[in-house]
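Under our numbering, the first residue of the sequence shown is numbered 6, with each subsequent residue one higher. Don't be surprised by glycine CBs; every beta carbon is placed ideally from N, CA and C.
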Amino acid sequence: MRPVRGVFVTGTDTGVGKTLVACALAAWCRRRGLRVGVMKPVATGGRVSEDAVRLAHAAGSREAWPLVNPVCFREPLAPWTAARRAGRTIRLEPLLRAFGELAARHDIMIVEGIGGLLVPLTEHATVAELARRMHLPLVVVARAGLGTVNHTLLTCRWARHRRLRVQGIVLNHAMRPSSDPMARLAVRTNPAILRRLTRLPVRGPLPFLRRASGLQHNPDRLARWAQRFLGRPFLEQLFPL
6 MRPVRGVFVT GTDTGVGKTL VACALAAWCR RRGLRVGVMK PVATGGRVSE DAVRLAHAAG
66 SREAWPLVNP VCFREPLAPW TAARRAGRTI RLEPLLRAFG ELAARHDIMI VEGIGGLLVP
126 LTEHATVAEL ARRMHLPLVV VARAGLGTVN HTLLTCRWAR HRRLRVQGIV LNHAMRPSSD
186 PMARLAVRTN PAILRRLTRL PVRGPLPFLR RASGLQHNPD RLARWAQRFL GRPFLEQLFP
246 L
């Protein structure tokens with residue numbers, strides 16, 4: 006597969022804010038006048054992936070839905086488990102063909118993974134393998150609070166073990182921040198620790214949003230939010246002209 010401009014947004018866990026960050030990146034690139042292709046290759050938890058719907062809206066995508074979200078299972082389980090319970094098999098080749106078709110028509114591709122890098126898609130393939138075969142660098146989204154240093158370092162080191170390039174880390178308040186003073190201290194000190202130990206750009210923590218979906222429904226507002234909280238230097242490093 007030819008080199009593609011873009012990023013693969015992964016996380017240290019489910020529910021850390023991958024969709025918010027992916028939508029923000031898509032909206033920001035769209036505002037710059039780029040043709041933005043988006044994809045949520047595999048989703049679970051509904052007949053239609055709400056994550057994919059929000060991502061397509063942020064990018065202004067009118068692509069056929071089987072390209073944007075080729076695989077979606079109703080049960081909110083790990084993809085391999087959901088596929089087995091549905092009597093289906095996830096195959097990487099159709100996902101890669103859909104990705105290639107989208108990439109051929111767009112300037113930038115933003116792909117949102119499911120869960121973290123080691124989430125199994127099949128008995129033998131994880132999300133990391135899908136990202137590797139797409140040849141996209143990673144943006145790692147992680148929780149802002151206590152415990153995130155371990156989870157983020159594990160994710161980044163596994164990525165490097167699999168020869169995946171991590172371009173940056175985004176810390177996010179996916180849940181309301183704790184009022185405990187030591188928990189707040191962890192939030193303040195985590196970014197510097199992660200910068201020191203990974204030698205990577207670290208942005209955040211992004212503010213807690215009571216209704217993140219409301220922001221994601223307004224691409225212009227989302228693009229401004231991305232520039233404010235992710236920062237233009239970080240964004241231009243991800244998507245150089």
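Counterpart residues of residue i in DSSP-defined beta bridges
i	result
Ala147	Leu176
Phe13	Val116, Leu143
Val43	Ile115
Ala29	Beta-bridge pairing links Ala29 to no other residue.
Thr49	Phe78
Val21	BP columns for Val21 are empty, so no partner.
Val171	Leu143
Cutoff 8 Å; reference residue i; Cβ partners in own chain excluding five residues on either side
i	result
Arg35	Val41, Ala63, Ala64, Gly65, Pro224, Ala228
Leu190	none
Val14	Lys23, Val26, Ala27, Leu30, Ile115, Val116, Glu117, Gly118, Leu143, Val144, Val146
Pro212	His178, Phe234
Leu205	Cys161, Val171, Gln172, Gly173, Ile174, Leu199
Other residues of its chain near residue i: CB distance less than 6 Å, five sequence neighbours each side excluded
i	result
Gly22	Val146, Asn177, Ala179
Val207	Ile174, Pro196, Leu199, Arg200
Asp112	Leu39, Arg40
Ala32	Ala63, Pro224, Leu227, Ala228
Ala103	Leu72, Pro75
Pro11	First, the residue type needs correcting, since residue 11 is Gly and not Pro in the sequence shown. Taken in chain order, the residues that qualify are Ile113, Met114, Ile115, Leu141.
Rounded distance between the beta-carbons of residue j and residue i, thought under 8 Å
i	j	result
Asn195	Ala149	7 Å
Leu100	Pro125	Incorrect: roughly 14 Å between the Cβ atoms, too far for contact.
Cys28	Gln221	5 Å
Thr160	Thr17	5 Å
Ala133	Leu169	6 Å
Close-in-space but distant-in-sequence residues of the same chain around residue i (CB under 7 Å, 5 per side omitted)
i	result
Gly3	The chain is shown from 6 up to 246; residue 3 falls before or after that span and cannot be answered.
Leu214	Leu220
Ala88	Phe78, Thr94, Ile95
Val3	Beyond the ends of the chain as shown, which are 6 and 246, falls residue 3; an answer cannot be given.
Leu246	none
Val192	Ala149, Gly150, Pro182, Pro210
Checklist entry - Should the segment 52-65 be called in touch with the segment 181-189, which here means at least 3 C-beta pairs below 8 Å? => result no
Next on the checklist: Give the list of continuous beta strand (DSSP E) stretches no shorter than 3 residues that lie fully inside the segment 192-220.
Outcome noted: 207-211
Next on the checklist: Quick check for students: name the residue ranges of the beta strand (DSSP E) that lie wholly in the segment 55-142, counting only runs of 3 or more.
Outcome noted: 76-78, 113-121
Next on the checklist: So, does the segment 41-57 touch the segment 152-168, judging by three or more C-beta pairs under 8 Å?
Outcome noted: no
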